[in-house]
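Quick note on the working numbering: the sequence shown kicks off at 20 and runs consecutively.
Each residue gets a CB set at the ideal place from its N, CA and C atoms; glycine is no exception.
Since we're looking at a predicted model, the values are computed, not measured.
Everything on this sheet refers to the single structure shown next.
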Amino acid sequence: MIDTDKFKFYFEHLWKNLTEEKRRSSIYVDSLWFSIYKSKVTKEKVLKWIKMKKILKKKYVFIPIVCWGNWSLLILYNFGENRKPNIKKPFMLLLDSLHQANSKRLNLDISRFILDICRTEAMDHLSDKAIISKIPLLVPNVPQQRNGVDCGIFVLYYLFLFVQNVATNFALDGLPIFCKEDWFSQDDIENF
Numbered sequence: 020m021i022d023t024d025k026f027k028f029y030f031e032h033l034w035k036n037l038t039e040e041k042r043r044s045s046i047y048v049d050s051l052w053f054s055i056y057k058s059k060v061t062k063e064k065v066l067k068w069i070k071m072k073k074i075l076k077k078k079y080v081f082i083p084i085v086c087w088g089n090w091s092l093l094i095l096y097n098f099g100e101n102r103k104p105n106i107k108k109p110f111m112l113l114l115d116s117l118h119q120a121n122s123k124r125l126n127l128d129i130s131r132f133i134l135d136i137c138r139t140e141a142m143d144h145l146s147d148k149a150i151i152s153k154i155p156l157l158v159p160n161v162p163q164q165r166n167g168v169d170c171g172i173f174v175l176y177y178l179f180l181f182v183q184n185v186a187t188n189f190a191l192d193g194l195p196i197f198c199k200e201d202w203f204s205q206d207d208i209e210n211f
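Shown next, in the form of structure tokens:
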């Protein structure tokens with residue numbers, strides 16, 4: 020498993036190489052924030068950091084999650100938009116290279132985290148538990164790692180490919196059409 024300092028270095032390098040337009044519509048949070056949020060002692064500190072960044076104002080929010088020794092990538096889409104008929108509805112996308120039952124175990128923690136973020140950022144249209152529970156959390160079958168250590172690299176590659184392809188490749192139901200098992204090959208991840 021990649022350590023958080025190395026991940027942060029590669030993540031920031033990857034982020035700096037995105038076009039200005041892509042960076043303007045997106046934001047990422049530190050890979051430790053989700054883990055720190057889960058601790059009652061530091062939960063409020065994380066929410067304060069998030070409030071300062073106003074992450075839900077962006078179209079795409081990338082949240083690397085480190086939990087149970089596995090890295091995954093949570094992507095929030097369109098949370099900052101009010102409910103207007105011509106705006107795509109918000110959804111959450113969880114990309115996991117181990118695609119185990121852990122993804123389902125994260126569901127409750129993710130819902131609490133998102134609800135607290137919405138309340139912190141005073142997103143009135145999303146500040147209710149019942150509303151958050153109706154926002155889809157999609158966990159597509161994406162390429163999987165073949166060992167127990169490459170999850171951080173897969174998260175970086177998911178992010179890289181997602182940002183490169185997202186502008187024009189959404190299906191009618193909102194899911195990016197490229198998030199499939201054959202999204203990329205093992206050779207592609209090795210070359211990355």
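Inclusion of residue 95 and residue 80 in the CB contact set at 7 Å is warranted, their separation being smaller than that value.
Taking the CA atoms as reference points, residue 112 sits about 15 Å from residue 202. Within the same chain, Cβ atoms closer than 7 Å to the Cβ of residue 200 are found at 160, 161 and 162, the five residues on either side in sequence being excluded. It is roughly 33 Å from the alpha-carbon of residue 72 to the alpha-carbon of residue 167. Of 75, 61 and 211, the smallest CA-CA separation from residue 44 is found for 75. Within the model, the alpha-carbon separation for residue 171 versus residue 90 is close to 5 Å.
Boundaries of the alpha helix (DSSP H) harbouring residue 173: 170-184, taken from the DSSP string. The residue from 131, 53, 179 and 146 with its alpha-carbon nearest to that of residue 198 is 179. Exposure of residue 196 is indicated by the presence of fewer than 16 other C-beta atoms within 10 angstroms of its C-beta. With a contact defined as Cβ atoms closer than 8 Å, residue 29 and residue 175 qualify at about 6 Å.
In this structure, the alpha-carbon of residue 204 lies about 15 Å from that of residue 115. Judged by DSSP in its simplified three-state form, residue 86 adopts strand. In this structure, DSSP gives residue 127 a helical state, which the three-state scheme calls helix.
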